[in-house]
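If you're matching positions, the sequence shown starts at 910 in the numbering used here and goes up one per residue. Where a beta carbon is used, it is the ideal one built from N, C-alpha and C, also for glycine. Remarks on the structure that follows.
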Amino acid sequence: MPLPDDVTGPDDASRAVRFHRRRAEVTAEIARLLGPRGARAPVAEPDRAAALEHELGASYGAAGAHPWGIVAQEWPAGSVVAVTDTLHRLSRNLRQRPVWLVLAEGEPQCVPLDSDSVLDNPLGFAGLAGQELRLLDRLVPAGLLLVRRAEEGDDRWLLEVWGEPWLSATTTAMRGDG
910 MPLPDDVTGP
920 DDASRAVRFH
930 RRRAEVTAEI
940 ARLLGPRGAR
950 APVAEPDRAA
960 ALEHELGASY
970 GAAGAHPWGI
980 VAQEWPAGSV
990 VAVTDTLHRL
1000 SRNLRQRPVW
1010 LVLAEGEPQC
1020 VPLDSDSVLD
1030 NPLGFAGLAG
1040 QELRLLDRLV
1050 PAGLLLVRRA
1060 EEGDDRWLLE
1070 VWGEPWLSAT
1080 TTAMRGDG
């Protein structure tokens, strides 16, 4: 059934329509990035997606309360090779982990994936949500945020990682190991 294009109201029915429209778009984009055999659908319930987005924020906030809680690295926007090389090393060091891909653009969407699948093409996945990649580990309070920031002519990629085993794997990757 086609969905109307003019759904913009704040009520629950409009929110549900927007959520399911965005869910269909994300499902198609995940299939494009991973191929039909690797594709996964986002969670089907808007409240569950919102709760996972909140969990990511809470996990990040708790880590940020400690000076050692977040490992960060920045690159100029043109340093795509350095960004992807670091994330590929991180993936190898981390090994495969179950994650939530959290897309906050529009109605939140959360897709159950594995870290290897996402970190194999991190910029492709970042393109799903306005050049932002957000991963939440499904087993421990840990995750990854990769954002392209353009502020006053300074276009940069910012990587932030928190929680174990993500911190150790990232620190090793940033040294060039892995």
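At a Cβ-Cβ threshold of 9 Å, Trp984 and Trp1075 do not count as neighbours. Pairwise C-beta distances place the stretch 927–944 in contact with the stretch 1033–1041, as three or more of them are shorter than 8 Å.
Under the three-state reduction of DSSP, Glu1041 is assigned to strand.
In this structure Asp1063 is exposed. Its beta-carbon is surrounded by fewer than 16 other beta-carbon atoms within 10 angstroms. According to the DSSP secondary-structure assignment, Gln982 is paired through a beta bridge with Leu1068.
Along the stretch 994–1037, the beta strand (DSSP E) occurs as fully enclosed runs of 3 or more residues at 1007–1012, 1018–1023, listed in sequence order.
By the Cβ test, the stretch 946–966 is in contact with the stretch 922–933, since at least three Cβ pairs between them sit closer than 8 Å.
For the pair of segments examined, the stretch 985–996 was found not to touch the stretch 969–976: the number of CB pairs separated by less than 8 Å stays below three.
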